[in-house]
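Mind the numbering: the sequence shown is residues 11 to 74 in the working numbering, read in order. Note that CB positions come from ideal geometry on N, CA and C, so glycine has one too. Written below as structure tokens is the structure these notes are about.
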Amino acid sequence: MGFFEKVKVKAEELLGRAEQVYGESHGDAAATVAGEAHLLEAEAEEDELEREEHPRDDGVTGAR
Numbered sequence: 011m012g013f014f015e016k017v018k019v020k021a022e023e024l025l026g027r028a029e030q031v032y033g034e035s036h037g038d039a040a041a042t043v044a045g046e047a048h049l050l051e052a053e054a055e056e057d058e059l060e061r062e063e064h065p066r067d068d069g070v071t072g073a074r
């Protein structure tokens with residue numbers, strides 16, 4: 011995972027968290043949910059980038 015990808019993912023996480031906190035503090039359920047979704051998407055992208063950087067090499071193939 012390159013430096014810029016890490017920065018992008020962290021920025022998306024921070025934006026999602028800020029949106030979530032704004033929604034919670036202002037009683038805006040839509041902003042809260044949107045912030046949570048943004049945060050989860052960023053975390054999923056970070057996990058995917060980590061898997062690409064450190065592929066699993068234990069001889070086990072994924073089940074389909």
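- Taking 8 Å as the cut-off, the Cβ atoms of Glu29 and Ala39 do not count as close.
- When His48, His64, Val17, Val19 are compared, the shortest CA-CA separation from Val31 is found for His48.
- Bounds of the alpha helix (DSSP H) holding His48 are 39–63.
- Counting along the chain, no alpha helix (DSSP H) covers Arg66, and no H or E run does either.
- Assignment of Gly12 by DSSP, reduced to helix, strand and coil, places it in the coil class.
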